[in-house]
Amino acid sequence: MNDASGHARPARLLLRAGRAGVIATQSERFPGFPFASAVPYTLDAEGRPVFLVSDLAAHARNLAQDPRMSLCVHGLDVVAGGRVTLLGRSCDADEDLSARARYCALFPEARDFGALGDFHFLRMQPEAGHYIGGFGDIRWFSSLHYLAPATGVQAREADIVEHMNADHRDALRHMAWHSRGREPAEVSMLTVDCDGLDLRADGRLLRVPFDEAALDADQVRQRLVQLARAATAQA
Numbered sequence: 750m751n752d753a754s755g756h757a758r759p760a761r762l763l764l765r766a767g768r769a770g771v772i773a774t775q776s777e778r779f780p781g782f783p784f785a786s787a788v789p790y791t792l793d794a795e796g797r798p799v800f801l802v803s804d805l806a807a808h809a810r811n812l813a814q815d816p817r818m819s820l821c822v823h824g825l826d827v828v829a830g831g832r833v834t835l836l837g838r839s840c841d842a843d844e845d846l847s848a849r850a851r852y853c854a855l856f857p858e859a860r861d862f863g864a865l866g867d868f869h870f871l872r873m874q875p876e877a878g879h880y881i882g883g884f885g886d887i888r889w890f891s892s893l894h895y896l897a898p899a900t901g902v903q904a905r906e907a908d909i910v911e912h913m914n915a916d917h918r919d920a921l922r923h924m925a926w927h928s929r930g931r932e933p934a935e936v937s938m939l940t941v942d943c944d945g946l947d948l949r950a951d952g953r954l955l956r957v958p959f960d961e962a963a964l965d966a967d968q969v970r971q972r973l974v975q976l977a978r979a980a981t982a983q984a
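This is the structure in structure tokens:
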């Protein structure tokens, strides 16, 4: 395998910016055939995909028999743009309150589904991935290079989100304007991690990446200040 850590973070950033992808599982009904399903997802703090699945779904039954799976996500241009396929194994995530909170922050309707007995949270534990950044930019990477390092950001996420929404709404509005080209009437921060933050602006989800990964809460604050200043300067 041709590991390249320089291509692992771009793959993680592409996955963080995505809201839905296609998972492939081993078909229980037609053994030997891959079964593809379009599903919403989010990433946990380390970059592992998290899904909410119904026990009635074919891919849920497939994963119960064989946990091996892949997730494929692409940008706006599926031919010339970036795309990534992540390979790994599924595991239960019902007890991971942080992962569940991040998923429900992006998809609030999941709280209703999650209350039903036949819906469960699953997480993929990545083992390898394949990233295409464009023509000639093709690399395999391992989970060692893909997963974000353990940081103190996750423990402070709720505090940071609450603080930004309470005291820095204008900065968030400028960030959203910088990302979408017009100033939103309503904006709020939903999540933050070492790679960036998620906003909801006038009902639309926006991913705002950091230029460099933040290794602790202080670096998150520095990155947020940099983003706010850059966005304000161009407002």
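Take any residue in the sequence shown, count from 1 to its spot, add 749: that is its number in the working numbering.
Quick reminder that beta carbons are idealized off the backbone N, C-alpha and C, glycines included.
Contacting residues, own chain, Cβ-Cβ under 6 angstroms from residue i (five flanking each side not counted)
i: Asp815; result: Gln775
i: Gln975; result: none
i: Ala897; result: Glu795, Gly796, Cys943
i: Glu935; result: Asp951
C-beta atoms of residue i and residue j nearer than 8 angstroms
i: Val802; j: Phe868; result: yes
i: Arg905; j: Val799; result: no
i: Ser819; j: Ala773; result: yes
i: Leu835; j: Gly878; result: yes
i: Leu940; j: Asp951; result: Contrary to the premise, residue 940 reads as Thr rather than Leu in this sequence. In this structure, Asp951 does not lie closer than 8 angstroms to Thr940 by Cβ.
i: Met924; j: Ala977; result: yes
i: Ala807; j: Phe784; result: yes
i: Ala813; j: Tyr790; result: no
i: Gly945; j: Pro933; result: no
i: Glu911; j: Ser892; result: no
i: Ala829; j: Phe779; result: no
i: Asn811; j: Glu844; result: no
Same chain, Cβ closer than 7 angstroms to residue i, neighbours up to 5 away in sequence not counted
i: Leu763; result: Val822, Gly824, Gly831, Val833
i: Val969; result: Val902, Ile909, Val941, Ala963
i: Ala859; result: Leu801, Tyr852, Cys853
i: Ala920; result: Ala977
i: Asp916; result: none
i: Asp965; result: Thr900, Gly901, Val902
Buried versus exposed, by CB contacts within 10 Å (16 or more), residue i
i: Arg949; result: buried
i: Phe782; result: exposed
i: Glu795; result: buried
i: Ala760; result: buried
i: Asp942; result: buried
i: Leu985; result: Since the first and last residues shown for the chain are 750 and 984, residue 985 lies out of range.
i: Arg922; result: buried
i: Gly930; result: exposed
i: Arg953; result: exposed
i: Leu973; result: buried
i: Val827; result: exposed
i: Ala982; result: exposed
i: Ala787; result: exposed
i: Ala850; result: exposed
i: His894; result: buried
Inter-residue CB distance, residue i and residue j (contact presumed, cutoff 8 angstroms)
i: Arg765; j: Arg918; result: Their Cβ separation, rounded to whole angstroms, is 23 angstroms, which puts Arg765 and Arg918 out of contact at 8 angstroms.
i: Gln874; j: Arg797; result: 6 angstroms
i: Ala842; j: Phe870; result: 4 angstroms
Sequence-distant residues of the same chain with beta carbon closer than 8 angstroms to residue i, five excluded per side
i: Trp926; result: Glu932, Pro933, Ala980, Ala984
- Can you check the region 772-826 for any alpha helix (DSSP H) of at least 4 residues that lies completely inside it and give the ranges in chain order? 807-814
- Message: What ranges does the beta strand (DSSP E) occupy inside the region 849-932, keeping only unbroken runs of at least 3 residues that lie completely in it?
- Response: 868-883, 886-891
- Item | Runs of beta strand (DSSP E) wholly within the region 948-981 (minimum 3 residues, chain order) | 953-958
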